[in-house]
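Here the sequence shown stands for residues 10 to 254, numbered as in the working numbering. Worksheet: the structure to be examined is printed underneath.
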Amino acid sequence: MTEQRLLVIIPISEAGARPFIEAFKREIEPIRAPNVHVDYQALGDRATPFIQSRAAELWDGRDIARVALEAERDGYDGLFINCFGEPAVEAVKEIVDIPVVGGFAPAMMNAAMVSSRFSIVTVVSSVVPMLWDLARQWGMANHLASVRQAGIPVEKLDNKIELQQALLAQSLSAIRDDQAEAIVLGCTGMLEVNQWLTDALEDELGRYVPVVAPVGAAIGMLQSLMSNRLRASRITYEPPTEFPQ
């Protein structure tokens, strides 16, 4: 089996990424294919410490593109831009000839395979309209029952008890009030909680409800693209001609 290398680009500053690195590794390792080596890289000090706005996505976008180009030159076989909002993902598809995924599309596609209606539970209110925009972009809006927020900003996601309580409350409301049939965790920083939430929902409702973790969904889809030698279409994503050589 051919060895492959995958880079997880954490599209925030080193300081912002540091609290999440080990949890990312623990979440990815059970899904990693035996022939795939995974590395992790955050952005420089000028990057934002977290992303909860379109402005932050734009601010960090150039550094994301730079890291992606360097990764391709260094021989990586695939890139995961590790954010549910998918900053710069579409642009990076134009400039590299290896498969690229973000956090949103793989999670939504997983949810659509196991339910007909699902809800996202994200971090804070500023992210909600951004995710509705992505749902429309990916043709998923008709399947999306709701986008709810836990009321916990990214930098406080390490408080697992508070996060679990908020996720359970919002997920139950999504199922009971919005007719959701599955739950998508709406931030890649919501780590190591999907199995707990799955069990808690089953205890509360008496039946199984899928909970999709975006990091696992993204790694699974990226490895599939890599093994099947698939990448962005050059009809859809024409390489840019505006940049100086």
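Glycine included, C-beta positions come from ideal geometry on N, C-alpha and C. Bear in mind that the values here come from a model prediction, so they are computed numbers and not experimental data.
Spatial neighbours of residue i in its chain, beta-carbon cut-off 8 Å, leaving aside the 5 residues before and after
| i | result |
| --- | --- |
| residue 121 | 127, 149 and 152 |
| residue 53 | 22, 23 and 72 |
| residue 36 | 200, 201, 222, 224 and 225 |
| residue 94 | 60, 66, 111, 112, 113, 136, 139, 140 and 143 |
| residue 182 | 157 |
| residue 241 | 102, 103, 108 and 109 |
Span of the beta strand (DSSP E), counted from its first residue to its last, around residue i
| i | result |
| --- | --- |
| residue 158 | 153 to 158 |
| residue 167 | Where residue 167 is concerned, there is no enclosing beta strand (DSSP E), given that its DSSP letter is neither H nor E. |
| residue 188 | Looking at the DSSP string, residue 188 is not in any beta strand (DSSP E), and its letter there is neither H nor E. |
| residue 18 | 13 to 22 |
| residue 51 | 45 to 52 |
Where residue i sits in the DSSP three-state scheme
| i | result |
| --- | --- |
| residue 61 | coil |
| residue 132 | coil |
| residue 94 | coil |
| residue 25 | helix |
| residue 215 | coil |
| residue 225 | helix |
| residue 87 | strand |
| residue 76 | helix |
| residue 109 | strand |
8 Å Cβ cutoff met for residue i and residue j
| i | j | result |
| --- | --- | --- |
| residue 50 | residue 15 | no |
| residue 104 | residue 88 | no |
| residue 30 | residue 91 | no |
| residue 176 | residue 206 | yes |
| residue 158 | residue 134 | yes |
| residue 170 | residue 132 | no |
| residue 83 | residue 13 | no |
Same chain only: Cβ atoms within 7 Å of residue i, ignoring 5 sequence neighbours per side
| i | result |
| --- | --- |
| residue 70 | 96, 97 and 100 |
| residue 56 | 21, 22, 69 and 72 |
| residue 40 | 225, 228 and 229 |
| residue 239 | 108 |
| residue 28 | 167 |
CB contact below 8 Å: residue i versus chain D
| i | result |
| --- | --- |
| residue 105 | You won't find chain D in this structure, because it holds only one protein chain. |
Assigned exposure category for residue i - 16 Cβ within 10 Å defines buried
| i | result |
| --- | --- |
| residue 124 | buried |
| residue 60 | buried |
| residue 184 | buried |
| residue 111 | buried |
| residue 186 | exposed |
| residue 180 | buried |
| residue 244 | exposed |
| residue 195 | buried |
| residue 43 | exposed |
Contacts around residue i, its chain only, beta-carbon distance under 6 Å, and the 5 residues preceding and following it disregarded
| i | result |
| --- | --- |
| residue 249 | 103 |
| residue 144 | 150 and 153 |
| residue 220 | 192, 203, 206 and 207 |
| residue 164 | 59 |
| residue 26 | 19 and 51 |
Limits of the alpha helix (DSSP H) - the one that residue i falls within
| i | result |
| --- | --- |
| residue 198 | Where residue 198 is concerned, there is no enclosing alpha helix (DSSP H), given that its DSSP letter is neither H nor E. |
| residue 30 | 30 to 37 |
| residue 147 | Premise fails: residue 147 is in no alpha helix (DSSP H) and is neither H nor E. |
| residue 114 | 113 to 123 |
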